[in-house]
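Protein chains in written order, with the numbering used here: chain A, 3 to 122; chain B, 69 to 811. Cβ coordinates follow ideal geometry from the N, Cα and C atoms, glycine included. Written out below as structure tokens is the structure these notes cover.
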């Protein structure tokens with residue numbers, strides 16, 4: 003079963019994403035800040051990370067760069083899921099190594115499709 | 069015989085009777101004075117004839133005795149007369165001889181005397197003339213002796229011009245002064261007259277020289293007086309040339325000046341019978357042929373250079389033809405030199421040979437010197453006038469207000485801008501006491517800083533506000549000596565700079581606002597998206613999925629919360645934008661801070677069991693002045709934050725105390741505190757400290773921003789002190805409601 007790590011400091015969003023993916027055969031992991039996200043990612047080696055940007059301790063860009071820069075974790079698919087909707091932010095996300103960039107607010111159906119697509 | 073005697077006798081008697089009274093009249097007697105002896109002889113002869121006649125008459129009458137007696141008497145008288153005659157003739161000869169000798173002596177004396185003398189007798193005939201007179205009048209003594217004085221005078225007139233008693237030789241310089249005297253005997257008998265001629269040539273010449281010198285000196289004086297008062301050089305040159313001719317006897321004169329970087333002598337003015345001479349010639353002061361004339365030489369030799377004979381001088385060759393055409397005989401060049409500095413040369417032409425005597429040279433040298441002085445003067449005057457004008461122009465064109473006054477505070481100078489500022493004519497500014505400019509150069513009621521600055525020897529500056537203008541005033545001391553000192557006040561209107569600075573500030577502020585707005589919009593968009601994400605996401609889930617009842621309720625609760633948050637956020641954004649636009653209405657009233665605090669504690673105390681709110685308000689705290697609702701909003705916000713950021717519970721204090729003229733309110737908690745790096749941004753929009761622990765109870769992120777702005781609108785300040793892990797203290801101040809006495 004594929005592992006998906008949901009990273010977001012907002013409890014409601016974690017809950018929303020979890021609810022979105024709950025009907026599918028994925029193991030869901032949760033992290034509420036950047037550091038926790040890195041820790042879990044390295045330990046659990048998820049197949050996909052849904053990564054928020056604006057978080058305490060370490061922001062999404064840093065987490066993304068850290069994981070993509072590390073050969074151990076660089077193959078993890080990262081989808082940034084953020085309210086930062088400006089072009090500048092998106093470019094920054096891709097530059098940090100993200101595979102996809104998904105803007106809040108989002109449609110749960112669309113997100114599910116995106117996740118399925120990413121995991122093949 | 070007797071008859072003959074008778075006739076003689078009668079005739080003699082008759083003559084005697086007629087002549088004696090006549091002879092004895094005084095006048096005749098006087099004229100005959102010298103030959104009285106001769107007369108007595110005649111008298112005796114006549115008397116003897118009378119006696120003879122008497123004898124004849126007596127004889128006729130027959131008185132023979134008487135006849136004999138008178139005959140004898142007549143013989144005796146005759147004899148006496150004869151004897152007298154004899155005696156007289158002898159002494160007269162002797163006298164004549166003596167006279168002759170004396171005449172010779174007189175003649176010799178006359179000849180030897182250095183004076184010319186001639187004598188006329190009482191009939192106006194020339195009786196004597198001495199050798200000197202003959203020589204002087206070019207005549208021979210024989211030609212005039214015995215002739216009338218008029219004849220002699222005519223002769224004299226041919227060789228002398230007579231002017232009263234002065235005889236001026238028609239040839240050469242000879243002057244005679246004539247003195248004429250009458251010759252009389254001791255008794256006043258007129259004998260003739262004598263004319264003595266004295267050679268006064270030397271003294272006349274001396275006199276003439278003196279007169280000439282006088283004339284020249286007065287001419288020089290006139291010229292110098294005139295030219296030193298002139299500023300225009302051409303006028304000076306013109307005047308000098310004119311007076312050289314009109315007053316000092318030159319035929320023509322011209323002035324040439326030296327040109328910088330050239331040996332050319334440039335003619336500047338001329339006067340006299342020129343008719344193109346100055347234009348026709350060229351003069352230099354180099355070593356060429358053109359520099360060898362009197363002009364060039366006077367400059368090179370630094371003194372007068374005279375060409376005595378134009379027609380025959382080698383050095384004057386280049387100009388000879390032109391000069392001779394105009395009849396110039398000699399030329400003098402006189403350098404225009406003053407204190408060793410040479411400005412040019414004065415060239416003087418004369419049609420008289422030997423014109424340049426020592427005196428004339430001196431005169432023209434002096435004239436040239438005066439000209440040089442006048443040039444120097446003129447240039448100094450012009451410099452001075454120029455400098456003065458320049459200074460005044462500068463002084464007036466300073467846009468600052470400038471006023472200079474002396475130590476008795478009397479204004480001695482004011483520039484145009486000050487005049488315009490005061491709206492008074494200079495005449496009503498200069499001379500007035502400096503209190504006239506009080507309020508411009510020093511603050512009203514503070515007094516003029518003159519003594520202060522002069523004593524310190526240093527300028528003082530201050531800013532003086534006057535109506536809507538701001539002046540930056542500096543008072544400079546200017547001390548000449550112990551007794552005399554001045555103050556120079558300079559006031560610069562800095563209002564434009566002020567306005568500019570304000571405009572600059574305003575511009576910066578606007579840019580800041582703009583930047584803030586852009587940033588704010590992006591922040592807001594982000595902040596709005598988060599609750600929207602929940603709203604959209606959960607509603608979609610609710611719509612799309614079949615959910616358990618429990619989950620459904622949970623999601624609906626989340627949606628409700630997030631919708632509320634969105635509402636609060638929108639309302640805060642509106643508040644903030646109203647504040648930023650200056651449209652937030654603050655209704656200031658006096659109010660009790662204590663009651664405001666107690667309302668807040670009443671509101672918040674029940675919300676959390678973990679927290680206890682403590683209030684400490686200083687005794688006798690005066691009422692605050694502000695918008696009570698807004699202040700309660702701030703207090704609520706701070707207490708809310710305090711609760712939120714002390715998740716483990718604890719005490720929350722609210723202090724109110726007096727701080728100077730303000731009331732200071734502090735809200736203190738024992739919460740997580742704020743990391744140092746966040747203190748700076750804590751009051752910025754969405755600058756809150758995000759911690760996962762408090763996320764669930766998050767606010768809009770605008771509370772502190774709005775609070776700080778509201779405090780500032782009240783004229784207060786807001787700040788924070790915090791120690792991470794131990795808690796934070798938020799402070800804000802509000803103005804005290806000032807009550808007047810008796811209120």
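Query	Result
Any C-beta of chain B under 8 Å from that of residue 85/A	yes
Cβ shell of residue 591/B (< 7 Å), same chain only, five flanking positions each side left out	753 and 754
Close-in-space but distant-in-sequence residues of the same chain around residue 21/A (CB under 6 Å, 5 per side omitted)	none
Residue 569/B: CB within 7 Å of a non-hydrogen atom of the ligand NAP	The model depicted lacks the ligand NAP and carries no ligand whatsoever.
Distance between residue 221/B and residue 241/B (C-alpha atoms, nearest Å)	20 Å
Contact between the stretch 530 to 542 of chain B and the stretch 487 to 502 of chain B (3+ Cβ pairs under 8 Å)	no
Within 8 Å of chain B by C-beta, residues of the stretch 84 to 104 of chain A in sequence order	85, 86, 87 and 88
Under 8 Å between C-beta atoms of residue 272/B and residue 183/B	no
Member of 155/B, 748/B, 594/B and 639/B whose CA lies at the smallest distance from the CA of residue 105/A	594/B
is_contact[residue 109/A, chain B] using C-beta, thresh 8 Å	yes
Proximity test, Cβ basis, 8 Å: residue 27/A and chain B	no
Cβ contact check for the stretch 576 to 585 of chain B and the stretch 512 to 527 of chain B: 3 or more pairs under 8 Å	no
Boundaries (first-last residue) of the beta strand (DSSP E) holding residue 309/B	No beta strand (DSSP E) contains residue 309/B, which is instead part of the alpha helix (DSSP H) from 301 to 314.
Listed by chain order, chain A residues near residue 606/B by CB distance under 7 Å	18
Alpha carbon of residue 556/B to alpha carbon of residue 463/B, nearest angstrom	12 Å
Delimiting residues of the beta strand (DSSP E) encompassing residue 561/B	553 to 561
8 Å contact criterion, which residue 352/B and residue 364/B should meet: CB distance rounded	6 Å
Closer than 9 Å at the beta carbon, the chain B residues around residue 15/A	598, 601, 602 and 605
Classification of residue 773/B by the beta-carbon crowding that lies within 10 angstroms, buried from 16 upward	buried
Residue range of the unbroken beta strand (DSSP E) whose run includes residue 629/B	Here residue 629/B belongs to no beta strand (DSSP E); instead the alpha helix (DSSP H) covers 617 to 648.
Per-residue DSSP class, three states only, for residue 52/A	strand
Neighbour flag for residue 21/A against chain C, beta carbons, 8 Å	Here the protein chains are A and B, and chain C is not one of them.
Identity of the residues DSSP links to residue 542/B by a beta bridge	529/B and 558/B
Pairwise C-alpha distance: residue 727/B and residue 737/B	21 Å
Buried/exposed call for residue 493/B, threshold 16 Cβ in 10 Å	exposed
C-beta neighbour in chain A for residue 624/B, strict 8 Å	no
Residue-chain proximity (residue 70/A, chain B), Cβ-Cβ < 8 Å	no
8 Å Cβ cutoff met for residue 768/B and residue 722/B	no
Where residue 505/B falls, given that 16 or more other Cβ within 10 Å makes a residue buried	buried
Chain B contact for residue 106/A (CB, 8 Å cutoff)	yes
CA-to-CA distance, residue 54/A to residue 95/A, given in whole angstroms	11 Å
Cut-off 6 Å between Cβ atoms - residues of its own chain near residue 705/B, not counting five sequence neighbours on either side	771 and 775
Chain-ordered neighbours of residue 594/B on chain A, where CB pairs are closer than 8 Å	56, 85, 86 and 87
Any chain A beta carbon closer than 8 Å to residue 591/B	no
DSSP bridge partner residues for residue 360/B (one or two, in chain order)	None; residue 360/B has no bridge partner.
Helix, strand or coil at residue 37/A according to DSSP, with G and I counted as helix	helix
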